[in-house]
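Colleague:
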Amino acid sequence: MSLEGKHILLGVTGSIAAYKAAVLVRLLVREGAEVRVVMSEAARDFVTPLTLATLCRYPVLVDNFDPTNGAWNSHISLGEWADHYLVAPATANTLAKMAAGVADNLLLCSYLSARCGVSVAPAMDLDMYRHAATQANLETLRTRDGVGVVEPGEGELASGLVGKGRMAEPEEIVDYLHHVFAAEESPLRGKKILVTAGATVEPIDPVRFVSNYSTGKMGYALAEALAERGAQVVLVTGHATAVLSRHSNNNIERVTALSAAEMYEACARRFPEMDGAVFCAAVADYTPAKPMAQKYKHDPSQPFLLELTPTRDIAAEMGRIKRPGQVTVGFALETAAGAEAGDYARGKLEAKRLDAIVLNSLSDAGAGFGTDTNRVTIIGRDVEGDGIRECAIPLKSKVEVAGDIADFMSGLFGR
Ligand code: C5P
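When we follow the numbering used here, the leftmost residue of the sequence shown carries the number 6, and every step to the right adds one.
Structure, rendered in structure tokens:
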């Protein structure tokens with residue numbers, strides 16, 4: 006999503022990271038955005054208005070009026086002009102004032118009057134960042150006002166301490182803004198999507214279990230790709246070694262459900278309120294029929310026979326109760342290749358009443374569990390009519406594949 010012609014209001018507050026605002030303005034202008042800067046009084050001690058005004062080619066505003074001639078700087082007009090208001094760096098003090106609705110400078114008045122989306126890029130010492138007050142203020146801004154948070158990174162801080170609190174790098178912030186604008190135009194914006202991910206864990210006794218090799222990489226990347234496109238994601242996750250990137254938590258609610266039964270319960274509870282779902286988890290098809298309450302005492306003279314009982318098929322059950330308009334996407338991991346794998350996948354598409362199925366073939370190099378790459382074919386209902394269309398995605402990173410699947414899914418909402 007290009008930033009060409011976008012109106013970006015940048016609020017700069019008094020943190021040492023204010024020097025990075027200069028690089029940020031430069032990058033935004035280079036991308037074709039129109040940038041206006043409003044600074045807090047304290048920010049002037051770290052970077053001069055002249056520097057930022059030169060880079061954005063427009064006077065920088067600090068006060069509610071011009072002290073030399075009394076001309077009024079209207080916070081309303083800044084808020085109306087902007088397509089997005091980004092406060093970077095955002096200090097603990099300014100975040101607290103934003104959360105409390107304090108309006109004692111132009112930067113804050115502009116926040117209260119802004120009609121566009123707002124994001125903050127916090128920058129502060131690690132203890133200030135992790136303080137419950139700061140975290141509560143960020144949560145208030147997120148949940149009450151829908152403010153996006155460009156999470157700070159970990160590293161050396163101005164205090165000499167090392168930890169989380171460094172403002173995200175200007176390049177990361179620009180990347181974040183690309184997603185913000187892409188989300189504003191995506192059919193996925195505001196859609197509630199459930200994503201299952203990772204491996205289920207089925208207990209044999211209190212210390213042993215039956216599971217599989219899924220790492221959750223594909224499902225977590227999908228949750229992020231959907232969230233980046235503006236969806237509100239509920240990520241129901243089994244065991245996973247994958248982690249969410251630090252910028253994606255704005256629109257992702259994580260629910261842990263380790264066993265197939267727990268995952269089924271979580272999905273059955275949440276699916277009715279969803280607009281769609283992606284079933285990416287590697288759910289056990291069988292679970293120990295009688296998990297033992299005590300650790301099993303092994304006896305090397307005897308074979309150990311474990312009775313397994315079938316689990317419920319979550320995708321199929323949700324397919325059974327799905328209402329018109331709900332879009333569901335499943336995965337088919339096949340060890341077969343070619344036409345045979347395609348036939349299996351199409352069979353699952355029908356049996357589970359899915360709108361699309363993503364076929365992974367373990368026989369393809371670079372595809373499957375634990376790898377960072379994947380090669381898939383998306384088989385989906387035709388947006389135009391009742392037909393089926395196939396979309397072969399070449400070998401790519403799982404993050405890119407997740408973007409392609411999310412785009413395919415957004416097409417299904419656009420029907
Ligand atoms: O039938 P198969 O297990 O190959 O189907 C795979 C698809 O069904 C995946 O989308 C997977 O997440 C989903 N599934 C499920 N619950 C199960 C088994 C599979 O949601 N118990």
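Beta carbons: idealized from backbone N, C-alpha and C, even for Gly.
Remember, it's a predicted structure, so these values are computed and weren't measured experimentally.
#1: Kindly identify the DSSP beta-bridge partner or partners of A287.
#2: Can the beta-carbon of P94 be found closer than 8 angstroms to that of M44?
#3: When you compare the CB positions of L423 and T18, do they come within less than 8 angstroms of one another, or not?
#4: Please go through the segment 272-352 and give each complete alpha helix (DSSP H) segment of 4 or more residues, from N-terminal end onward.
#5: Can you tell me whether K403 is helix, strand or coil according to DSSP?
#6: In the DSSP output, which residue or residues are listed as bridge partners for Y90?
#7: Apart from the five residues just before and just after L338, which ones in its own chain have a Cβ nearer than 7 angstroms to its Cβ?
#8: Which residues share a DSSP beta bridge with A356?
#9: Between V123 and G16, what straight-line distance do the alpha-carbon atoms span, to the nearest angstrom?
#10: At the 8 angstroms Cβ level, is N255 part of the contact set with chain B, yes or no?
#11: State the DSSP-derived secondary structure class of A230, mapped to helix, strand or coil.
#12: In angstroms, rounded to a whole number, what distance separates the CA positions of V406 and R234?
#13: Does the beta carbon of F336 fall short of 7 angstroms from some heavy atom of the ligand C5P?
#14: Leaving aside the five residues before and after L400 along the sequence, list all residues of the same chain whose C-beta is less than 7 angstroms from its C-beta, in chain order.
#15: Just how far apart, CA to CA, sit I198 and T53?
#16: Tell me where the alpha helix (DSSP H) around R62 begins and ends.
#17: Tell me the DSSP secondary structure of D412 in three-state form.
Modeller: Well, looking at it:
#1: Along the sequence shown, one-based indexing puts residue 287 at 282. Paired residue(s): A204.
#2: What you label residue 94 is simply residue 89 of the sequence shown in a count that begins at 1. What you label residue 44 is simply residue 39 of the sequence shown in a count that begins at 1. No. Outside cutoff.
#3: This structure cannot settle anything about residue 423, because the visible part of the chain is limited to 6 through 420.
#4: 319-326
#5: Residue numbering aside, residue 403 sits at position 398 when the sequence shown is read from its first letter. It is helical.
#6: Here residue 90 refers to the residue found at position 85 of the sequence shown. In DSSP, Y90 forms a bridge with L14, V123.
#7: Numbered from 1 along the sequence shown, position 333 holds the residue referred to as residue 338. For L338, where only same-chain residues beyond five positions count, the Cβ hits under 7 angstroms are N365, L367.
#8: Residue numbering aside, residue 356 sits at position 351 when the sequence shown is read from its first letter. Answer is none; A356 lacks a bridge partner.
#9: If you number the sequence shown from 1, residue 123 lands on position 118. If you number the sequence shown from 1, residue 16 lands on position 11. Each residue's alpha carbon lies about 10 angstroms from the other.
#10: No chain B is present in this structure, which holds just one protein chain.
#11: In the sequence shown, the residue the question calls residue 230 occupies position 225. Three-state DSSP puts A230 in a helix.
#12: Position 401 of the sequence shown, counting from 1, holds the residue named residue 406. Position 229 of the sequence shown, counting from 1, holds the residue named residue 234. Those two C-alpha atoms are separated by around 14 angstroms.
#13: Locating residue 336 in the sequence shown gives position 331, where the first residue counts as 1. Yes - the ligand C5P has a heavy atom lying nearer than 7 angstroms to the Cβ of F336.
#14: Taking the sequence shown and counting its residues from 1, the one referred to as residue 400 is at position 395. So the list reads G371, T378, R380, once near-sequence residues are dropped.
#15: Numbered from its first residue, the sequence shown carries residue 198 at position 193. Numbered from its first residue, the sequence shown carries residue 53 at position 48. Approximately 45 angstroms between the Cα atoms of the pair.
#16: By 1-based counting over the sequence shown, the position of residue 62 is 57. Unbroken run through R62: none, as it is neither H nor E.
#17: Taking the first residue of the sequence shown as position 1, residue 412 is located at position 407. Reduced to three states, the DSSP call for D412 is helix.
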